[in-house]
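Novice: One structure follows; several queries about it will come next.
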Amino acid sequence: MQFGRLSRELRDTYRGSDVARRVRHFELWMDRERRGSSTPDTTEASTTQHGEEGRRGTDGAASEYDHTETAQEYYDLCSGFMVWGWGESLHFAPLVPHESLEESKIRHQRLMISKLEMQPGMTVIDVGCGIGGPMRRVTREADVRVTGINNSRIQLDKAKRLNTEAGLDHMIDYEACSFMNMSTIADGTFDRGYAIESTCHAPDKQQAFAEIFRVLKPGALFWGQEMCLTDEFDPKDNRHQAIKQDLMRGIALRDIATFGEVNHALEAAGFHVLEGMDRDIQEGPSTPWYQPMESRHGTLGNALRRLPWGRRAIITGSKLAEMLRLFPKGSTEVIRLLDRTADAYVTGGKAGVFTPLYCFLAHKPSD
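Residues 369 to 735 (the working numbering) make up the sequence shown, in order.
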């Protein structure tokens with residue numbers, strides 16, 4: 369995404385809201401969760417993209433904490449800069465030395481297509497579709513009809529525009545809803561399904577998988593990619609716990625599951641788990657999944673936006689862009705948030721206690 373286009377999209381996304389206050393409000397989500405309140409106090413009230421005050425109940429009192437809204441706000445705030453720095457496919461992938469990050473993501477998406485045994489004409493659900501990077505590859509290469517699920521209107525509108533530009537809009541449908549409640553979709557609708565780094569945000573993982581199970585046809589296959597704690601995580605280790613808290617706070621994760629907990633939630637929802645593995649662990653030469661945020665991986669132009677010193681330079685540049693009114697006021701605080709989150713990713717990866725690449729293949733039994 370070019371700088372001018374990013375500037376226009378940020379203005380459209382934030383729509384005159386107090387971005388800095390929204391970032392501060394987001395960063396206190398763990399405090400709000402503990403208190404069971406959607407608004408910590410009157411000075412930190414959330415401002416939506418339409419400039420309205422934080423969500424409140426009909427009686428004017430603060431409503432109970434809703435983590436789905438927190439995850440939505442995270443993506444509403446951050447998607448523009450995420451796409452600028454990471455590309456249209458907002459997920460991690462197993463890396464090898466000779467590939468760029470984008471090439472690795474394409475290879476990973478093709479593995480998913482193969483594992484799901486997609487056939488032309490099938491109906492497929494993309495659970496938490498982001499701005500549709502994987503969706504466009506699945507539609508184009510597997511010749512299937514995809515329905516994208518997303519409760520972020522900002523991301524969904526962006527996906528629609530990109531799908532139209534790619535000439536794929538006639539093959540793609542959309543549902544603006546949370547994957548926790550897809551009541552507008554009938555039971556047994558889809559032949560296949562996938563969820564790439566989306567159900568990790570679920571406030572109740574088993575409930576999320578149960579809802580996905582419901583909308584899949586008997587005999588359907590389901591692929592997922594989850595952010596997980598590895599077997600190296602020691603809950604009694606204070607450093608490990610601090611890393612976990614930093615990751616949860618920066619990525620809007622209400623909890624981080626272990627591999628076994630993901631499998632248990634799938635099975636409790638009715639799925640049979642066919643395989644599950646940390647795909648960062650590969651045979652032959654490989655590159656750690658977090659390397660693009662630590663050292664150069666790929667072309668210098670794109671890598672610059674992801675490297676620590678590049679991120680610091682962007683923070684400085686964004687301050688100037690705000691002064692010149694090229695970026696909406698408060699954009700710098702979004703970049704600071706993403707910079708801290710990138711540091712948390714690297715710390716978790718280097719400590720060996722966290723991976724965004726736990727991938728599973730599950731089967732909904734036939735009637």
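Glycine included, each C-beta is placed from N, C-alpha and C at the ideal position. All of these numbers come straight from a predicted model, not from anything done at the bench.
Would you decide whether THR684 is buried or exposed? Buried here means 16 or more other CB atoms lie within 10 Å of its CB.
Specialist: Exposed, since its Cβ has fewer than 16 Cβ neighbours within 10 Å.
Novice: DSSP three-state call for GLU377: helix, strand or coil?
Specialist: helix
Novice: Please state whether DSSP places ASP572 in a helix, a strand or coil.
Specialist: When DSSP states are grouped into helix, strand and coil, ASP572 belongs to the coil group.
Novice: Decide if THR552 is buried, meaning its Cβ has at least 16 other Cβ atoms within 10 Å, or exposed.
Specialist: Under this definition THR552 is an exposed residue.
Novice: Indicate the three-state DSSP secondary structure (helix, strand or coil) for ARG383 in the structure shown.
Specialist: coil
Novice: Restricting to runs no shorter than 4 residues, where is the alpha helix (DSSP H) found entirely within the stretch 655–700?
Specialist: 668–672, 676–691
Novice: By Cβ distance below 6 angstroms, which residues in the same chain neighbour GLU401 in space, the five residues on each side in sequence not counted?
Specialist: TYR433
Novice: Does DSSP classify GLU594 as helix, strand or coil?
Specialist: strand
Novice: For a test of the three-state rule: what should DSSP assign to LEU621, helix, strand or coil?
Specialist: Note: LEU621 maps to coil in three-state DSSP.
Novice: DSSP puts ARG478 in a beta bridge; with which residues?
Specialist: For ARG478, which the question treats as bridged, DSSP gives no partner whatsoever.
Novice: With a Cβ-Cβ cutoff of 7 angstroms, do THR723 and THR626 count as a contact?
Specialist: THR723 places its beta carbon 7 angstroms or farther from that of THR626.
Novice: Would you kindly work out how many angstroms separate the C-alpha atoms of ASP380 and PHE460, rounded to a whole number?
Specialist: 27 angstroms
Novice: Return the bridge partner residues of VAL492 from the DSSP annotation.
Specialist: VAL514, ARG560
Novice: Note down the Cα distance separating PHE581 from SER482, rounded to an integer number of angstroms.
Specialist: 20 angstroms
Novice: Answer yes or no: do ASN531 and ILE517 have a C-beta to C-beta separation smaller than 7 angstroms?
Specialist: Against a cut-off of 7 angstroms, the Cβ pair of ILE517 and ASN531 comes out as no contact.
Novice: Which one or two residues does DSSP pair with HIS632 in a beta bridge?
Specialist: Partner(s): none; HIS632 has no beta bridge.
Novice: Measure how close the beta-carbons of ARG647 and LEU725 come, nearest whole angstrom, since I'm counting them as under 8 angstroms.
Specialist: 5 angstroms
Novice: Terminal residues of the continuous alpha helix (DSSP H) containing GLY399?
Specialist: The sequence given here has Asp at residue 399, not Gly. Counting along the chain, the alpha helix (DSSP H) containing ASP399 begins and ends at 397–403.
Novice: Using a Cβ-Cβ cutoff of less than 6 angstroms, which residues in the same chain neighbour PRO571 once the five nearest sequence positions on both sides are dropped?
Specialist: Cβ neighbours of PRO571 beyond the five flanking positions: HIS435, ARG622.
Novice: Under the assumption that TYR442 contacts PHE394 (Cβ atoms under 8 angstroms), give the Cβ distance between them as a whole number of angstroms.
Specialist: 6 angstroms
Novice: Please report how far the alpha carbon of LEU729 lies from the alpha carbon of MET645, in whole angstroms.
Specialist: 9 angstroms
Novice: Taking the continuous beta strand (DSSP E) assigned at TYR726, which residues delimit it?
Specialist: 722–731
Novice: Please report the straight-line C-alpha distance between GLU543 and LEU675, rounded to a whole angstrom.
Specialist: When rounded, the distance between both Cα atoms is 35 angstroms.
Novice: To the nearest angstrom, how far is the alpha carbon of THR415 from that of ILE522?
Specialist: In this prediction, THR415 scores a pLDDT of 38, lower than 50, which makes its location untrustworthy; the coordinate-derived value is nonetheless stated afterwards. THR415 and ILE522 have their C-alpha atoms roughly 15 angstroms apart.
Novice: Please name the residue or residues paired with GLY644 in a DSSP beta bridge.
Specialist: PHE728
Novice: Short of 7 angstroms in beta carbon distance, which residues of its chain neighbour ARG376, apart from the five on each side in sequence? Order them along the chain.
Specialist: none
Novice: From the DSSP output, read off the bridge partner residues of GLU543.
Specialist: ILE517
Novice: Does the separation of the CB atoms of VAL714 and PHE449 fall below 7 angstroms?
Specialist: no
Novice: Please determine if the stretch 563–578 and the stretch 627–644 are in contact, where contact requires at least 3 C-beta pairs separated by less than 8 angstroms.
Specialist: yes
Novice: Would a C-beta distance cut-off of 7 angstroms place CYS727 and GLN593 closer than the cut-off?
Specialist: yes
Novice: I need the boundaries of the alpha helix (DSSP H) containing VAL464, first residue and last residue.
Specialist: Here VAL464 belongs to no alpha helix (DSSP H), and DSSP marks it neither H nor E.
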